[in-house]
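Visitor: Residue numbers for the sequence shown follow the working numbering, beginning at 3 and rising by one.
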Amino acid sequence: MLAVGPDYGFGLYVHWPYCARICPYCDFNVYAAKDRDTEPLVNAIIADIQAHRERLPDHPKLNSVFLGGGTPSLLRAADMARIMSAANDAFGFAPSAEITLEANPNDVLRSDPNSWVQAGINRLSLGVQSLNDTALRFLGRDHDSLQAKTAIEQVQSVFDNHSIDLIYARPGQSSQSWGDELEAALALGAPHLSLYELTIEERTAFGKRAARGELLPLPDDDQADLYELTQSICEAYGLPAYEVSNHTSDEKYESRHNHIYWASGDWIGVGPGAHGRLTMDGQRYATEAARRPEDYIRSGPMPFAALSRQDTAREFLAMALRPTAGLDLERFNHLFQRGADQETVSTLVENSHAVLDGTLLKLTVQGRLVADYIASLLAPY
Ligand code: SF4
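Below you can see the structure in the form of structure tokens.
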């Protein structure tokens with residue numbers, strides 16, 4: 003048996019590709035919402051879920067569903083309910099399955115979050131991004147800090163299980179200003195925070211501005227300082243990291259859906275450009291849906307592409323290093339068909355990049371800063 007697959011969790015990711023406007027840093031597969039008829043896309047997503055069931059007759063019930071994007075909070079609650087009922091009819095939900103909706107603050111203010119609960123949503127992830135109005139304008143967001151705070155209050159009156167996303171390490175951001183902003187966010191009382199450093203990708207509007215010299219990314223050392231500051235503030239507030247960018251006050255609020263990715267479980271990816279990983283008869287498969295919504299609607303379900311054992315092992319390693327629970331070296335042995343290099347492991351421990359706890363290799367804060375590099379060091383091929 004390959005040590006990946008639905009035994010490590012089974013989820014459904016639904017990509018809703020439309021946004022009210024496109025943020026200048028965004029590198030996702032997104033399109034301006036405009037005034038379009040979204041019915042054909044909802045129908046195509048439902049057909050894709052049903053087609054997956056036919057090809058996965060032995061897969062268990064779903065542990066999680068994640069409506070991401072894009073901006074899935076632009077979906078009508080009735081359409082969310084249709085997608086949920088298609089997922090339930092096809093696979094069913096495991097007891098206490100986690101059903102997350104990513105929402106933008108203005109959609110919370112415009113909609114009735116209770117209608118999302120009725121559609122089956124039980125966890126809300128709110129894209130606040132910043133509590134600083136200048137930063138929100140810089141990030142091209144269509145909400146201000148007051149709207150964000152009002153939206154958080156509304157979310158909290160409906161969802162116990164909720165999370166706030168923030169983006170830091172913005173150009174010119176000082177430790178003092180990020181520290182103050184993070185403390186203000188922590189004071190809002192969300193039990194889960196996702197804290198991402200701003201990365202400037204070439205093909206985005208920010209990438210183009212950076213190439214013209216109009217935008218200066220924060221130097222790496224300053225980014226590292228802000229990451230360390232983030233860890234110490236969150237720990238002091240009782241929300242330690244449980245993964246490189248994710249923090250919670252209690253295990254019960256950890257993102258079960260993301261744990262499926264980090265644990266190399268199986269997930270179906272539906273919606274334009276969505277990726278999936280599925281395991282059958284000891285073989286891991288990758289799926290990738292057509293990126294453009296028109297193509298996705300036209301093309302129907304895409305073929306499953308077999309992943310080599312090496313790629314499966316490398317993906318496992320890159321993801322398994324991220325949670326603070328650590329990389330299981332026995333699974334490493336099994337997937338790579340050889341042990342991790344002892345000297346590399348010892349050096350990581352000596353340099354305080356990791357600690358060894360039985361068979362678990364756990365990255366320290368310094369290690370988490372260079373998790374991808376450590377994965378490349380440990381990969382035997
Ligand atoms: S709202 Fe989110 S997904 Fe949409 S463009 Fe902005 S960052 Fe990208």
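Where is the CB? At the ideal position from N, CA and C, for every residue including glycine. Small disclaimer: the values here were computed from a predicted structure and weren't measured.
Look at the Cβ atom of residue 286, then the Cβ atom of residue 319, and state whether they are nearer than 8 Å.
Guide: With respect to residue 319, residue 286 sits apart: the two C-beta atoms are not nearer than 8 Å.
Visitor: Ignoring anything shorter than 3 residues, give me the beta strand (DSSP E) runs that lie fully in the segment 318 to 367, in order along the chain.
Guide: Runs of the beta strand (DSSP E) inside the segment 318 to 367: 356 to 359 and 362 to 365.
Visitor: Exposed or buried, what is residue 378 when buried is set at 16 or more other beta-carbons lying within 10 Å of its beta-carbon?
Guide: exposed
Visitor: Output the boundary residues of the beta strand (DSSP E) element that contains residue 131.
Guide: 125 to 131
Visitor: Inspect the beta-carbon positions of residue 256 and residue 239 and report whether they are closer than 8 Å.
Guide: no
Visitor: Determine the closest residue to residue 82 out of 11, 48 and 195, with distance taken between C-alpha atoms.
Guide: 48
Visitor: In the structure shown, what three-state DSSP assignment does residue 146 receive?
Guide: Residue 146: coil per DSSP, three-state reduction.
Visitor: My guess is that residue 232 and residue 190 are in contact by the Cβ rule of under 8 Å, so how many angstroms apart are they, rounded?
Guide: Their Cβ separation, rounded to whole angstroms, is 16 Å, which puts residue 232 and residue 190 out of contact at 8 Å.
Visitor: Give the single residue among 344, 46, 327 and 281 whose Cα lies nearest to the Cα of residue 58.
Guide: 281
Visitor: Return the chain-ordered list of same chain residues with a C-beta closer than 6 Å to the C-beta of residue 7, the five sequence neighbours on each side being excluded.
Guide: 268 and 281
Visitor: Rounded to whole angstroms, what is the Cα-Cα separation between residue 146 and residue 168?
Guide: 13 Å
Visitor: To which residues of the same chain is residue 103 closer than 8 Å at the C-beta, ignoring the five residues directly before and after it?
Guide: 69, 74, 75, 82, 118, 123, 125, 126 and 127
Visitor: Could you tell me which of 204, 222, 221 and 223 sits nearest to residue 214, measuring between CA atoms?
Guide: 204
Visitor: Under the rule that 16 or more other beta-carbon atoms within 10 Å means buried, what is residue 237, buried or exposed?
Guide: exposed
Visitor: Is it true that the CB of residue 221 sits closer than 8 Å to the CB of residue 212?
Guide: Against a cut-off of 8 Å, the Cβ pair of residue 221 and residue 212 comes out as no contact.
Visitor: Confirm the yes/no value for this check: CB of residue 273, any heavy atom of the ligand SF4, distance under 7 Å.
Guide: no
Visitor: I'd like to check one pair, residue 358 with residue 351: are the Cβ atoms closer than 8 Å?
Guide: yes
Visitor: In whole angstroms, what separates the C-alpha of residue 270 from that of residue 277?
Guide: For residue 270 and residue 277, the distance between alpha carbons rounds to 7 Å.
Visitor: With a CB to CB cut of under 7 Å and the five nearest residues on each side skipped, what residues in its chain are close to residue 361?
Guide: Cβ neighbours of residue 361 beyond the five flanking positions: 330, 331 and 332.
Visitor: In terms of alpha-carbon separation, which member of 290, 296 and 322 lies closest to residue 307?
Guide: 290
Visitor: Examine the ligand SF4 and report whether any of its heavy atoms sits within less than 7 Å of the Cβ of residue 106.
Guide: yes
Visitor: Please state the DSSP three-state secondary structure of residue 299.
Guide: helix
Visitor: Name the DSSP bridge partner or partners of residue 101?
Guide: 67
Visitor: Does the beta-carbon of residue 346, which I'm using as the reference point, lie nearer than 7 Å to any heavy atom of the ligand SF4?
Guide: No, Cβ of residue 346 sits at least 7 Å from all heavy atoms of the ligand SF4.
Visitor: Decide yes or no for the touch test of the segment 30 to 42 against the segment 91 to 98: beta carbon pairs closer than 8 Å, at least 3 of them.
Guide: no
Visitor: Give me the residue from 274, 314, 288 and 372 with the minimum Cα distance to residue 20.
Guide: 274
Visitor: What are the residues that DSSP puts in a beta bridge with residue 167?
Guide: 196
Visitor: Measuring CA to CA, which of 324, 139, 163 and 62 is closest to residue 195?
Guide: Sorting 324, 139, 163 and 62 by C-alpha distance to the C-alpha of residue 195 places 163 at the top.
Visitor: Inspect the CB distances between the segment 60 to 69 and the segment 21 to 29 and report whether three or more fall short of 8 Å.
Guide: no
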